[in-house]
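Student: Pasting in a structure now, in structure tokens, and then I'll have a few things to ask.
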Amino acid sequence: MPSVSMAEPIVPNYPQEALGRDEFWRQIPMWKDVSTQQFLSWDWSRKNVIEFHKRTNPDSFRTLLAGLLPDSVPLDRKTGMIQSRDEFIEDVFAGLTTSTMSLRIMPYVFSRINWKDPRHDPIFRQFIPLGSQMLPDHPEVKLDSLHEESDSPVNGLVHRYPDKVLFLATSVCPTYCSFCTRSYAVGADTEELEKKGLLKMTRKRWDECLAYIASTPEVQDVVISGGDSYYLAANHIVEIGYRLLAMPNVKKIRFASKGLAVSPTRILDPNDEWTTAIIAVSRQAERVGKRMALHTHFNHPNEISWVTEMASRRLRDAGVTVRNQSVLLRGVNDNVETMSKLVRTLSDTLRIAPYYVYQCDMVPKAEHFRTPLQTILDIEEQMRGSIAGFDMPTFVVDLPEGGGKRLAQSRKSYDRATGVSTFTAPAVKGDTKENKVYRYFDPLNSLIK
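Shown next as structure tokens:
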């Protein structure tokens, strides 16, 4: 197994592209003097991450927000209503108190927020909860809505499909999404939820997961996630990648990471070896006749800048296959115009394959993000034919109770009055799942009477 340093560590000096090279991070008062070179440093990003959790002193975060926000914050665009800065800050703390996810935001994505109107900003909405936006949970909501724990033969490994496993290698992400489907184990404790600590990185747990994969001949496809594989050290990326590729039964591996969307600066940092490790594993997969891909997670076009473009180009020039998975989120991307723009920017500008668009999972404290199934059906119907077929993502529902991903269009029934849609999943593993009918429930406030 080669050391990471054997791969090319130097980032080419790519020319300026159409997106421009504005220093957008300078809008943040405490970063107004940060140079481009500093901003592109992964070490600088890690040291300047924005965090708030159960054991954080609230005064420092309150002071940070006060320095960012205008005296009056837009409350309702239609009526022109506003609220004071202090009222908005209290709304943020009300959201943090009730959220199942602690707050952790990398400088890149933090600086992409429109702080003049944060309530209506699609990036702010994904990562910073507001108490006023929270809705009561649907009665059928579950903390582990996808039943990952019950489909885990060993801790941190989900084996739901016959030939594929999900290896949850870490419990940490560079940025925490408020709608995280794995809130039961990912991130720090919150006032609302004490995490189980199931996914902490330990050699023993990793070895048990890898041993299961090696001893299960039907497993051909491995997804390495967490948490987020961005928080695996470079040597761990190489170790896990090479060990999996050396197994005769494994034909393809995928590293899942939101890093390209929330902190693409790391990919451009010549002093950081994470990308070098990803490239090394990708090339090793080619050498042994197997496949490796990086799966990332963009939800809105505003997340994309010239930094993202250069970072994706580095990966593309090195031959790394990159695919994107989005989540359909109310108030973020739940319309044809936004989703179409995202898909086109991914495919045409970043050369990233739009892979999946997921219906939002039925997890606690995410009801304000969920849309009725009809929304995802309508968006797909209206987009299809307006975008080339090979650039169209697949619109899916990851079924509650471990039914796995199914095409949204494949529902067996759908009642808008009750909000209940039904699906079957004949390919998933498990004796209790044979002939099982899975149900997805629309948000209660979307039911048609």
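The sequence shown runs 714 to 1162 under the working numbering. Ideal placement from N, C-alpha and C gives every residue a C-beta, glycine not left out.
1. Distance, Cα to Cα, residue 965 vs residue 755?
2. Mind pulling the alpha helix (DSSP H) runs of 4 or more residues that sit fully within the region 819 to 868?
3. Is it the case that the region 816 to 830 contacts the region 863 to 873, given that we only count it when at least three CB pairs across the two stretches are under 8 Å?
4. On the criterion of 16 or more Cβ atoms from any shown chain inside 10 Å, does residue 1056 qualify as buried, or is it exposed?
5. Grab the span of the alpha helix (DSSP H) containing residue 994 for me, first residue to last.
6. Can you name, in chain order, every residue of its own chain whose Cβ lies under 7 Å from the Cβ of residue 757, other than the five neighbours on each side?
7. Given a cut-off of 8 Å, decide if residue 781 and residue 828 are closer than it, judged by their beta-carbon atoms.
8. Taking residue 743 as the reference, give the member of 763, 813, 991 with the closest Cα.
9. Mapping the DSSP letters down to three states, classify residue 921 as helix, strand or coil.
10. Taking only runs of the alpha helix (DSSP H) that begin and end inside the region 1034 to 1118, which ones reach a length of at least 4 residues, in chain order?
11. State the Cα-Cα distance for the pair residue 808 and residue 1029, rounded to the nearest angstrom.
12. Please state whether the Cβ-Cβ distance between residue 991 and residue 968 is less than 8 Å.
13. Could you tell me whether the region 928 to 946 touches the region 1108 to 1116, where touching means 3 or more Cβ pairs closer than 8 Å?
14. Quick check on the burial criterion: 16 or more other C-beta atoms within 10 angstroms. Buried or exposed for residue 1018?
15. If we require 4 or more residues per run, which alpha helix (DSSP H) segments fall completely within the region 739 to 784?
16. Does the distance from the CB of residue 804 to the CB of residue 845 come in under 8 Å?
17. Closest Cβ-Cβ distance between residue 1080 and chain D: below 8 Å?
18. What's the C-alpha gap between residue 729 and residue 735?
19. Return yes when the Cβ of residue 1068 is within less than 8 Å of the Cβ of residue 1037, no when it is not.
20. When DSSP labels each residue in this structure, what does residue 1122 get in the three-state scheme?
21. Under DSSP, the beta strand (DSSP E) around residue 967 begins and ends at which residues?
22. If we ignore side chains and look at the alpha-carbon of each, how far apart do residue 1163 and residue 1032 end up?
23. I want to know whether the region 832 to 840 touches the region 1060 to 1067 - three or more CB-CB distances under 8 Å.
Tutor: If we stick to the structure as given:
1. 29 Å
2. 820 to 823, 835 to 840
3. Look at the beta carbons and you see the region 863 to 873 not touching the region 816 to 830: under three pairs across the two are nearer than 8 Å.
4. buried
5. 987 to 1000
6. 751
7. Annotated as proximal: residue 828 and residue 781, with beta-carbon spacing under 8 Å.
8. Selected option, being the one with the closest Cα: 763.
9. DSSP, read as helix, strand or coil, puts residue 921 in helix.
10. 1049 to 1057, 1086 to 1096
11. 39 Å
12. yes
13. The region 928 to 946 vs the region 1108 to 1116: no contact.
14. buried
15. With a minimum length of 4 residues, the continuous alpha helix (DSSP H) runs that stay inside the region 739 to 784 are 749 to 752, 755 to 760, 771 to 781.
16. yes
17. Reference to chain D is not applicable here, since this structure consists of a single protein chain.
18. In this prediction, residue 729 has a pLDDT of 45, which is less than 50 and means its spatial position is unreliable; what the coordinates show is noted afterwards. Approximately 11 Å, taken between the alpha carbons.
19. Their beta carbons are under 8 Å apart, which means residue 1037 touches residue 1068 by this criterion.
20. helix
21. 965 to 969
22. Outside the displayed range of the chain (714 to 1162) lies residue 1163, so it cannot be described from this structure.
23. no
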